[in-house]
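Working notes for the structure below.
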Amino acid sequence: MTSVLHNQEHGVLTLTLNRVDKKNALTADMYASLADHLTQAQTADDVRVVLLQGHETVFSAGNDIADFLQQPPADTNSPVSRFLRGIAVFPKPLLASVCGPAVGVGTTMLFHCDLVYAGDNAAFSMPFVNLGLCPEAASSLLAVQLMGYQRAAEALLMGEPFMVESALEFGLISRVLPPAEVNAYAQRQAQKMAAKPLASLIETKRLMKQGKTPAVLAQMDEESAVFARMLKEPAAVEAFSAFMEKRKPVFN
Ligand code: COA
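Just so we're aligned, residue 7 is where the sequence shown starts under my numbering, counting upward by one.
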């Protein structure tokens with residue numbers, strides 16, 4: 007079964023994470039598919055807005071841990087890097103619809119979305135420290151900018167999850183809805199936006215982001231280098247083995 011579904015309607019390209027049995031954990035193949043769709047959407051005249059969505063019970067459990075162990079991201083051409091850079095520089099509006107757990111990259115990708123609609127069951131977390139890793143997707147920069155240092159530290163240094171109330175308060179999400187309604191609402195909003203003049207959408211987004219992208223890409227590159235190194239170190243190896251063996255990790 008295809009793990010990333012795509013559908014195009016009324017100027018909206020909808021990319022749906024479709025691996026619910028594994029909580030939409032993202033494999034290298036899924037990152038590659040998402041990155042390829044974003045690359046094509048940049049220049050496709052009939053795509054004006056992209057909507058990323060999951061299932062009403064789960065957005066994404068983050069990186070697929072087994073897949074990550076088998077094919078760790080090697081460089082900036084890796085599928086995960088291509089996807090992260092793709093969302094950071096995507097010139098057209100990028101919307102997301104999020105329900106249930108949004109773990110790791112499931113949360114960090116949202117920092118790059120222009121509008122995020124969430125189900126009241128959404129739970130956000132960036133538990134990189136619990137896995138012996140460091141933040142990715144420039145979240146070590148963007149979380150601090152959006153949430154303030156203390157709340158970012160709670161999320162990134164403690165690995166504490168946060169719920170929709172907090173996410174709404176500090177502006178990670180724009181609206182909370184019943185889970186069964188979120189994808190349909192996000193689709194209506196995306197189509198409403200797609201009916202506006204494309205040049206205005208692109209120029210407005212460019213002006214809003216102007217000056218910020220180089221710092222975001224530089225942070226992403228540094229995070230990727232540290233992340234790749236930490237992935238091979240004993241803490242991450244233990245955390246990942248523990249996850250696969252369904253036990254608690256023991257860090258010395
Ligand atoms: N990578 C690989 N497989 C994953 C996964 C991940 N990140 N997250 C979940 N899965 C798999 C589980 O191993 C399980 O597989 P199985 O049915 O073959 O045993 C299946 O998805 C269901 O997961 P489960 O943990 O039973 O679901 P849950 O509803 O109890 O919990 C989560 C959902 C998302 C809270 C939980 O799965 C979780 O915390 N996952 C790890 C998230 C994580 O650490 N991500 C960061 C990676 S950098």
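Think of the CB as a built atom: it goes at the ideal place given N, C-alpha and C, for glycine as much as any other residue.
Buried versus exposed, by CB contacts within 10 Å (16 or more), Met164: Looking up residue 164 in the sequence shown gives position 158. When all chains shown are included, Met164 counts as exposed.
Own chain, CB closer than 8 Å to Ala47, minus 5 neighbours either side, in chain order: Locating residue 47 in the sequence shown gives position 41, counting from the first residue. Cβ-Cβ distances below 8 Å link Ala47 to Leu19, Val53, Val56, Phe96, Lys98 in the same chain, with the five nearest sequence neighbours on each side left out; the list follows chain order.
Inter-stretch contact (C-beta, 8 Å, three-pair minimum) for the region 61 to 78 and the region 153 to 160: Here the region 61 to 78 makes no contact with the region 153 to 160; the two share fewer than three CB pairs at distances below 8 Å.
Host beta strand (DSSP E) of Thr22 (start-end): Residue 22 sits at position 16 when you count from the first residue of the sequence shown. 18 to 23 is the extent of the beta strand (DSSP E) around Thr22.
Beta-carbon proximity check, Ile179 vs Ala186, cutoff 7 Å: The residue given as residue 179 occupies position 173 in the sequence shown. The residue given as residue 186 occupies position 180 in the sequence shown. Going by beta carbons, Ile179 and Ala186 fall outside the 7 Å limit.
Simplified DSSP state of Gln216, which is helix, strand or coil: Translated into the one-based positions of the sequence shown, residue 216 becomes position 210. Note: Gln216 maps to coil in three-state DSSP.
Ala129 (DSSP reduced to helix, strand or coil): The residue labelled residue 129 in the question sits at position 123 within the sequence shown. In the structure shown, Ala129 sits in a strand (DSSP, three-state: E or B).
Which residues DSSP lists as bridging His12, in chain order: The count along the sequence shown starts at 1 and reaches residue 12 at position 6. His12 pairs with Leu21.
heavy atom of the ligand COA below 6 Å from Gly106 C-beta: Counted from its first residue, the sequence shown places residue 106 at position 100. Every heavy atom of the ligand COA is 6 Å or more from the Cβ of Gly106, so no.
Through-space distance from Glu228 to Leu162, alpha-carbon basis: In the sequence shown, the residue the question calls residue 162 occupies position 156. In the sequence shown, the residue the question calls residue 228 occupies position 222. Approximately 16 Å, taken between the alpha carbons.
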